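**Q** Please read through the structure below; I'll follow up with questions.
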Amino acid sequence: MLDNYDEERFISGVYNYCDRWCERCSMTQRCFLYYKDSRREAEHRAKGEDPHDWDIVLQDLHESFQETLEMLRKHAEEEGIDLDAIDTESVISELVDPSDHPLHIKAHKYMMETHKFLEKLHDVINEEIDNINAGNVLAENIEEIKDCFEVIDWYHMQIAVKIHRALCGKMEAEEEGDDESDEFSMYDANGSAKVAYIGLVRTMDALTKVHEWQKSLHNDIMPLLTYVYGLINGIEREFPGHK
Numbered sequence: 561m562l563d564n565y566d567e568e569r570f571i572s573g574v575y576n577y578c579d580r581w582c583e584r585c586s587m588t589q590r591c592f593l594y595y596k597d598s599r600r601e602a603e604h605r606a607k608g609e610d611p612h613d614w615d616i617v618l619q620d621l622h623e624s625f626q627e628t629l630e631m632l633r634k635h636a637e638e639e640g641i642d643l644d645a646i647d648t649e650s651v652i653s654e655l656v657d658p659s660d661h662p663l664h665i666k667a668h669k670y671m672m673e674t675h676k677f678l679e680k681l682h683d684v685i686n687e688e689i690d691n692i693n694a695g696n697v698l699a700e701n702i703e704e705i706k707d708c709f710e711v712i713d714w715y716h717m718q719i720a721v722k723i724h725r726a727l728c729g730k731m732e733a734e735e736e737g738d739d740e741s742d743e744f745s746m747y748d749a750n751g752s753a754k755v756a757y758i759g760l761v762r763t764m765d766a767l768t769k770v771h772e773w774q775k776s777l778h779n780d781i782m783p784l785l786t787y788v789y790g791l792i793n794g795i796e797r798e799f800p801g802h803k
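As numbered in our numbering, residues 561 to 803 make up the sequence shown, in order.
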């Protein structure tokens, strides 16, 4: 619950600008979201429940939504805002849409092409493991390549999502015309762009290692690396403040 929040222990909002890969994160002890998720899992296991069971996950999502809604209503009351009086259709119609932005289009194409590549890489890795088990080849670099697969897989959808959010933030900042709102929107945009950038750099390293490992995948990997280079350059151009 939010009443357990410790300002000295946790970094406010650090989870808004992360890649959600908690197992590889060095900031988990300062992250309130990680604390909540870890405690949630422990509570379910103590009850003999599987925290990853779909019904349990849906239940947790519902409870989390209710908590957030209650916080929103409480804040609205404090600010004198009547949420029921808000024209939601009008708000939705005014939302920015970066779908036609070249960087957004390129990120979506990269996601789709990488998804297809991962299926092929999965088969190649399994074939190599079968050969190793049969004693036909030496077990060289296979664990590293499996790790590369995990990296590419983890980031390929997240990169597109974070670029979408970053572009939305930038477009909102350009439209709002309010210095304080503009600053917050660009802060959020740069934070999202940074997460995408980190994912791209790690993906580039993973793709390069797979390229060096398996010649049969060269023609599949080179177009993906071209996408990655293009996305990195695009982020540098659109979000120079992301670093």
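From the three backbone atoms N, C-alpha and C, an ideal C-beta is built for every residue, glycine too.
Note that the coordinates shown come from a computational prediction; the quantities given were computed from them, not determined experimentally.
Mapping the DSSP letters down to three states, classify Gln589 as helix, strand or coil.
**A** Reading the sequence shown from its first residue, position 29 is the one you call residue 589. Gln589: helix per DSSP, three-state reduction.
**Q** Can you give, in chain order, each stretch of the beta strand (DSSP E) that sits fully within the region 725–803 and has at least 3 residues?
**A** none
**Q** Are the beta-carbon atoms of Tyr577 and Lys730 separated by less than 8 Å?
**A** Position 17 of the sequence shown, counting from 1, holds the residue named residue 577. Position 170 of the sequence shown, counting from 1, holds the residue named residue 730. No; because the gap between Cβ atoms is not below 8 Å, this pair is not in contact.
**Q** Assign Phe709 to one of three DSSP states: helix, strand, or coil.
**A** For the purposes of this step, residue 709 is taken as the residue at position 149 of the sequence shown. Helix at Phe709.
**Q** Examine the Cβ distances between the region 779–788 and the region 665–680 and report whether three or more of them are shorter than 8 Å.
**A** yes
**Q** Does the distance from the C-beta atom of Glu798 to that of Leu663 stay below 8 Å?
**A** As a working mapping, residue 798 is identified with position 238 in the sequence shown. As a working mapping, residue 663 is identified with position 103 in the sequence shown. Taking 8 Å as the Cβ cut-off, Glu798 and Leu663 qualify as a contacting pair.
**Q** Along the chain, where does the alpha helix (DSSP H) that runs through Asp615 open and close?
**A** Taking the sequence shown and counting its residues from 1, one reaches residue 615 at position 55. First-last of the alpha helix (DSSP H) with Asp615: 614–639.
**Q** Please report the straight-line C-alpha distance between Gln626 and Leu632, rounded to a whole angstrom.
**A** As a working mapping, residue 626 is identified with position 66 in the sequence shown. As a working mapping, residue 632 is identified with position 72 in the sequence shown. C-alpha separation (whole angstroms): 10 Å.
**Q** Looking at the structure shown, is Lys607 part of a helix, part of a strand, or coil, going by DSSP?
**A** Against the sequence shown, residue 607 aligns to sequence position 47. Coil, per DSSP.
**Q** Taking the alpha carbon of Gly759 as the point to measure from, which residue in His622, Pro783, Gln718 has its own alpha carbon closest?
**A** To locate residue 759, count along the sequence shown from 1; it is residue 199. Here the closest residue by C-alpha is Gln718.
**Q** For Met561 and Phe570, what's the separation of their Cα atoms in angstroms?
**A** Sequence index remark: in the sequence shown, residue 561 carries index 1 (1-based). Sequence index remark: in the sequence shown, residue 570 carries index 10 (1-based). For Met561, the pLDDT reaches just 43, beneath the cut-off of 50, and the residue's location in the model is therefore unreliable, although a value from the coordinates is still provided. In a straight line, the C-alpha of Met561 is about 14 Å away from that of Phe570.
**Q** Report the residue from Trp714, Val761, Ala636 whose alpha carbon sits nearest the alpha carbon of Trp581.
**A** As a first step, residue 581 is located in the sequence shown; it is residue number 21 there, counting from the start. Among Trp714, Val761, Ala636, the Cα nearest to that of Trp581 is on Trp714.
**Q** Does the region 766–773 come within contact of the region 699–714, defined as at least 3 CB pairs closer than 8 Å?
**A** yes
**Q** Taking Cβ to Cβ, would you say Glu623 is nearer than 8 Å to Ile616?
**A** Locating residue 623 in the sequence shown gives position 63, counting from the first residue. Locating residue 616 in the sequence shown gives position 56, counting from the first residue. Result no, Cβ atoms of Glu623 and Ile616 do not sit closer than 8 Å.
**Q** For Trp773 versus Ile705, is the C-beta distance shorter than 8 Å?
**A** Counted from its first residue, the sequence shown places residue 773 at position 213. Counted from its first residue, the sequence shown places residue 705 at position 145. In terms of Cβ geometry, Trp773 and Ile705 form a close pair [threshold 8 Å].
**Q** Does DSSP put Asn701 in a helix, in a strand, or in coil?
**A** For the purposes of this step, residue 701 is identified with residue 141 of the sequence shown, where counting begins at 1. Coil, per DSSP.
**Q** Grouping DSSP H, G and I as helix and E and B as strand, with all else coil, what is Cys582?
**A** Looking up residue 582 in the sequence shown gives position 22. Cys582: helix per DSSP, three-state reduction.
**Q** Tell me which same chain residues have a C-beta within less than 6 Å of the C-beta of Gly801, skipping the five on either side of it?
**A** Numbered from its first residue, the sequence shown carries residue 801 at position 241. Cβ neighbours of Gly801 beyond the five flanking positions: Asn750.
**Q** Whole-angstrom Cβ separation of Ser745 and Glu732, contact assumed at under 8 Å?
**A** The sequence position of residue 745 within the sequence shown is 185, counting from 1. The sequence position of residue 732 within the sequence shown is 172, counting from 1. With a Cβ gap of about 4 Å, Ser745 and Glu732 count as contacting.
**Q** Hey, Ala667 and Leu791 are a contact pair by Cβ (cut 8 Å); roughly how many whole angstroms apart?
**A** One-based indexing of the sequence shown puts residue 667 at position 107. One-based indexing of the sequence shown puts residue 791 at position 231. So it is a contact: roughly 6 Å between Cβ atoms.
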